[in-house]
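Per the numbering used here, residue 8 is the first one in the sequence shown, and the count goes up by one each step. Using N, Cα and C, we set each Cβ at its ideal position, and we do this for glycine too. Data first, discussion second: the structure below is written as C-alpha cells.
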Amino acid sequence: MLMYGVFLGLNVWGVLLLSLALVLLVCSVGKKEPPGFPRGPLALPLLGNVFNIAVKQPHTYLTQLADTYGNVFCIRVGQEKTLFVCGWKMVKEVLVTQADAFADRPHQALYSRLYNRHTGGLLCSNGKTWRRQRHFAMGTLRTFGLANGTMERSICRESQQLHQAIRKHKGEAFEPAAYLNSAVANIICQVVFGRRFDYSDPNLQQLHATMTEMIYLEGSVWALLYDAFPALLQRLPGPHNRIFTNFQALQEFICAQVKSHKSDLDPSNPRDYIDAFLVESKDKAKGELGFTEENLVLCCLDLFIAGTETSSKTLQWGLIFLIQNPQIQDKVQAEIERVIGPSRFPEMADRAHMPYTNAVIHEIQRMANIIPLNGTRMATKDTQVGEYVIPKGSTVLPILTSVLFDKNEWETPHTFNPGHFLDADGNFVKRNAFLPFSAGKRACLGEGLARMELFLFLVGMLQKFKFSTVEGVELSSEGIVGMTRTPYPFKICAETR
8 MLMYGVFLGL NVWGVLLLSL ALVLLVCSVG KKEPPGFPRG PLALPLLGNV
58 FNIAVKQPHT YLTQLADTYG NVFCIRVGQE KTLFVCGWKM VKEVLVTQAD
108 AFADRPHQAL YSRLYNRHTG GLLCSNGKTW RRQRHFAMGT LRTFGLANGT
158 MERSICRESQ QLHQAIRKHK GEAFEPAAYL NSAVANIICQ VVFGRRFDYS
208 DPNLQQLHAT MTEMIYLEGS VWALLYDAFP ALLQRLPGPH NRIFTNFQAL
258 QEFICAQVKS HKSDLDPSNP RDYIDAFLVE SKDKAKGELG FTEENLVLCC
308 LDLFIAGTET SSKTLQWGLI FLIQNPQIQD KVQAEIERVI GPSRFPEMAD
358 RAHMPYTNAV IHEIQRMANI IPLNGTRMAT KDTQVGEYVI PKGSTVLPIL
408 TSVLFDKNEW ETPHTFNPGH FLDADGNFVK RNAFLPFSAG KRACLGEGLA
458 RMELFLFLVG MLQKFKFSTV EGVELSSEGI VGMTRTPYPF KICAETR
C-alpha cells in the first residue's frame with residue numbers, strides 16, 4: 008500500500024511537470040509572426056519581458072532599445088505583445104501619415120474594467136462614439152471659452168488668485184505644486200462644472216492627491232501586470248487595487264456634480280459641459296453614441312484629468328528649468344518688461360511679439376516630456392510601416408520621448424536650449440518634431456486651452472516674481488514617471504519684482 012501511494016504520488020508529479028513543460032513549450036513557440044514583424048528582446052515563457060523593463064524610468068529604457076532592435080520593436084508582458092515606435096520619422100508615419108490605420112484604442116484589461124468596454128469615455132472609446140464625443144467636447148470648449156475670450160479672462164482672474172497665494176509667503180520657501188494644480192484645475196472646472204474651488208478647499212486637495220496616485224500607478228509595472236494577468240491580479244492584494252478605488256472616488260465626486268446640475272437644469276441655457284451633455288442626452292436615440300449619464304461621468308473625468316495634470320506639471324517643470332537657468336529667466340523678464348510692462352496683465356495677443364518667451368515655453372514643454380509614453384493605439388488593418396509589418400489588431404505605442412529627444416531633430420536634445428525654437432535673427436520657428444500634445448486623430452483635444460494656460464500663467468508669474476530655490480539646494484530634473492512625468496517635491500522662493 009505504501010509503495011502504491013508513492014507510485015501514485017510520482018505519477019501526479021509527473022503529470023504536473025509534463026503539463027508545465029507543455030505550457031512552456033507552447034509559450035516559447037507561440038504564434039509564428041509574419042515576415043517583417045518587428046524584433047525585440049528575448050522573452051521568458053509565460054512572463055515575457057516583465058523583468059526587463061526599468062521600473063523608475065521606463066521611457067528611457069524603451070527608447071534605448073531602438074538602438075538595438077530598430078525604431079519599431081516588440082515587447083511582451085505575459086502573452087500580451089506591444090509594438091513600440093521610436094523616432095520622429097516612424098512616429099509621424101503612425102500618428103499622421105497612416106493615422107486612419109491607428110486611430111482606435113486596443114482592448115486592455117485595466118481600462119476595460121475602469122471605463123466599461125462598451126462606454127469608454129473620451130479616452131477609451133472607438134468608432135462613431137469616439138468621433139461624436141470628441142467633436143462634442145471640442146465644440147463645448149469653444150462655446151464656453153475659447154471662441155469668445157471668456158477663457159482668457161478666466162485665466163487672468165485665476166492668475167490673480169495664484170499671485171495672492173504666492174505673495175503670502177513673503178519670499179520664504181514654499182512648495183508651489185499645490186497652488187499650480189489648483190489654479191489649472193479651476194480653469195477646466197469652470198468649463199466642465201461651471202465653478203471654481205478655493206485653493207484651501209479640502210475636496211480639491213483630496214481630488215489632486217487621489218488623481219496623482221492613480222495616474223502614477225496607471226503608468227507603473229502594476230498596470231502592465233494587470234493587463235497581462237487580469238484573472239490573477241484582480242484576486243490578489245497589491246498597489247494596483249488603488250487604481251480602482253481612486254477611480255471610484257473621482258467618479259463619486261463627479262456624480263455629485265452631475266446630480267446638482269440635473270436639479271436646476273435649464274435646457275435653453277446650458278451653463279457648462281455637464282449641462283450641454285445632459286441636454287444632448289435627452290434625445291434617447293443618441294444614447295448609442297455615448298450620450299448616457301454613465302458616459303457623462305467618464306467624459307468629465309477624462310476632461311478633468313487631462314485638463315489639470317499636463318498643464319500643471321508643465322508649469323512646475325517650467326519653474327524648475329528657469330531656476331536652473333537664471334540667465335534665461337532674466338531674458339524672459341526683460342522681454343516681458345519691454346512688451347507688456349510691469350502692471351498691465353498679459354494677453355494672448357502679446358505672444359506674437361514675444362518670440363524668446365514663446366521659445367522658452369516650447370522648450371519647457373519639450374524638456375518636461377509630460378507624457379513620455381503617449382497612449383496606446385491599435386492597428387485596424389495589416390499595415391506596412393517603413394520596413395516593418397504591423398498585423399491587424401496589434402497594440403502600438405508611439406513613444407513621444409523618442410521624438411522630443413530625437414538626436415536627428417534637435418541640436419542639443421538633452422540640454423535646455425530655447426534656441427531650438429529661434430532662427431538666427433531671434434524669430435520664433437516651429438519644429439515638426441515638437442509633439443508634446445501627440446499628433447493626428449488622437450492628439451490632445453485641449454491643446455488650444457493648454458497653450459493659453461501656459462503662456463498666461465507663466466508670463467503672469469514671471470512679470471510679478473523672481474524665482475529661486477533654497478540656498479544650497481539643487482533642483483532635480485529626473486522626475487517621477489507614471490502615466491505622466493512629475494517633478495520630485497521641491498521648494499522655491501518668490502521675490503516680488
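Contact check, C451 vs G178, beta carbons under 8 Å: Against a cut-off of 8 Å, the Cβ pair of G178 and C451 comes out as no contact.
Same chain, Cβ closer than 6 Å to T364, five either side skipped, listed in chain order: Cβ neighbours of T364 beyond the five flanking positions: V339, E342.
Where the beta strand (DSSP E) containing F472 begins and where it ends: Going by DSSP, F472 is part of the beta strand (DSSP E) stretching over 472-475.
Reference D282, options K293, C307, E259, Q258, closest by Cα: The shortest C-alpha separation from D282 is found at C307.
Alpha helix (DSSP H) runs contained entirely in the segment 297-343, provided each spans 4 or more residues: DSSP runs (the alpha helix (DSSP H)) wholly in the segment 297-343: 300-331.
Inter-residue spacing [alpha-carbon to alpha-carbon] between E225 and M490: In a straight line, the C-alpha of E225 is about 6 Å away from that of M490.
Span of the beta strand (DSSP E) around F82: In the sequence as displayed, the identity of residue 82 is Ile instead of Phe. For I82, the enclosing beta strand (DSSP E) starts and ends at 79-84.
Assumed close pair L463, C163 - CB separation to whole angstroms, cut-off 8 Å: That belief holds up - the Cβ atoms of L463 and C163 are roughly 6 Å apart, short of 8 Å.
Helix, strand or coil at A375 [DSSP, three-state]: Three-state result, A375: helix.
Nearest-angstrom beta carbon gap, V101 and V403 [assumed within contact, 8 Å]: That belief holds up - the Cβ atoms of V403 and V101 are roughly 6 Å apart, short of 8 Å.
For G146, the residue or residues it bridges with in DSSP: Bridge partners of G146: none, in fact.
Assumed close pair G447, A106 - CB separation to whole angstroms, cut-off 8 Å: About 4 Å separates the two Cβ atoms, so the contact holds.
As assigned by DSSP and simplified to three states, the class of L29: The predicted model places L29 with a pLDDT of 46, which falls under 50 and marks its position as unreliable, so this point remains unresolved.
P494 Cβ short of 7 Å to the ligand HEM heavy atom set: Among the components of this structure there are no ligands whatsoever, and the ligand HEM is therefore not found.
Nearest-angstrom beta carbon gap, V199 and D279 [assumed within contact, 8 Å]: With a beta-carbon spacing of about 6 Å, D279 and V199 fall inside the 8 Å limit used to define contacts.
Reduced DSSP category for M97 - H, G, I as helix; E, B as strand; rest coil: Here M97 sits in helix by DSSP.
Helix, strand or coil at L429 according to DSSP, with G and I counted as helix: In the structure shown, L429 adopts extended strand secondary structure according to DSSP, grouped into three states.
Beta-carbon proximity list for G43, same chain, < 7 Å, skipping 5 on both sides: Answer for G43: E394, Y395, V396, listed in chain order.
First and last residue of the uninterrupted alpha helix (DSSP H) at P65: Start and end: 65-76.
Member of K63, N133, P277 whose CA lies at the smallest distance from the CA of A110: Per the Cα distances, N133.
Simplified DSSP assignment, three categories, for F91: Reduced to three states, the DSSP call for F91 is strand.
Residues near Q470 by beta carbon distance below 6 Å, same chain, minus five either side: The beta carbon of Q470 is closer than 6 Å to those of I343 in its chain, skipping five residues each way along the sequence.
Beta carbon of S319 nearer than 8 Å to that of N381: Contact flag unset, no.
Identity of the residue in I406, Y122, V392, A50 nearest A440 by Cα: Residue I406 is the option with its Cα nearest to A440.
Within-8 Å CB hit, L296 to chain D: Absent here is chain D; the protein component of the structure consists of one chain.
When K498, S275, P362 are compared against S475, the one with the closest alpha-carbon: For the residues K498, S275, P362, the minimum Cα distance to S475 belongs to K498.
Element boundaries [beta strand (DSSP E), containing A501]: Start and end: 500-503.
As assigned by DSSP and simplified to three states, the class of R438: In the structure shown, R438 sits in coil (DSSP, three-state: anything other than H, G, I, E or B).
Endpoints, alpha helix (DSSP H) assigned at Q167: Its alpha helix (DSSP H) spans residues 157-174.
Bridge partners - I487, DSSP secondary structure assignment: T493, per the DSSP bridge assignment.
Beta-carbon gap between L305 and Y122 smaller than 8 Å: A contact, by the Cβ cut-off of 8 Å.
Complete alpha helix (DSSP H) runs within the segment 252-305 (minimum length 4 residues, chain order): Assignment of alpha helix (DSSP H) within the segment 252-305, counting only whole runs of 4 or more residues, yields 280-288 in chain order.
Bridge-paired residues (DSSP) for P512: Summary: the structure shown does not reach residue 512, with the chain confined to residues 8 through 504, and so no result is reported for it.
Y186 burial status per 10 Å Cβ neighbour count (16 or more: buried): Taking every protein chain shown into account, the CB of Y186 has 16 or more other CB atoms within 10 angstroms, so this residue is buried.
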